[in-house]
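First the structure, in the form of structure tokens, and then the observations on it.
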Amino acid sequence: MVSTRFTEDAGVRYPIICGAMYPCSNPELVAAAAEGGGLAIMQPVSMTYVHGWDLREGIRYMRNLTDKP
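Using the numbering used here, the letters of the sequence shown correspond one by one to residues 1 to 69.
In structure tokens:
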């Protein structure tokens, strides 16, 4: 764990942000980044239009994959 103001404020282990990447952002990528200790950000357009998820269903699925931010 790296202790910085960012890691403490965000509740993550490492000062790494997985940005919202179009078109490759999907629930599994976001959950994997969060599980790895970074802060994960989903890209709703890519998740819904590219990967075919309903936005709410995709968010629920991500919540089932990880409880991290």
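By construction, the Cβ of each residue, glycine as well, lies at the ideal position given by its N, Cα and C atoms.
Keep in mind the model is a prediction, meaning the values are calculated, not measured.
Distance, residue j Cα to residue i Cα
i, j, result
"D54", "M47", "8 Å"
"L65", "A33", "11 Å"
"P44", "P27", "10 Å"
"G58", "M1", "29 Å"
"E35", "M62", "11 Å"
"V12", "K68", "8 Å"
"A10", "S25", "20 Å"
"F6", "Y22", "25 Å"
Element boundaries [alpha helix (DSSP H), containing residue i]
i, result
"T7", "R5 to A10"
Selected residue, minimal CA-CA separation from residue i, among the options
i, options, result
"Y14", "L29, K68, V50 and G38", "G38"
Supposed close pair residue i, residue j - CB separation, criterion 8 Å
i, j, result
"M42", "V50", "Rounded, the Cβ-Cβ distance is 12 Å, inconsistent with contact."
Identify every run of the beta strand (DSSP E) within the stretch 30-55, keeping only runs that are complete inside it and at least 3 residues long; order them along the chain.
none
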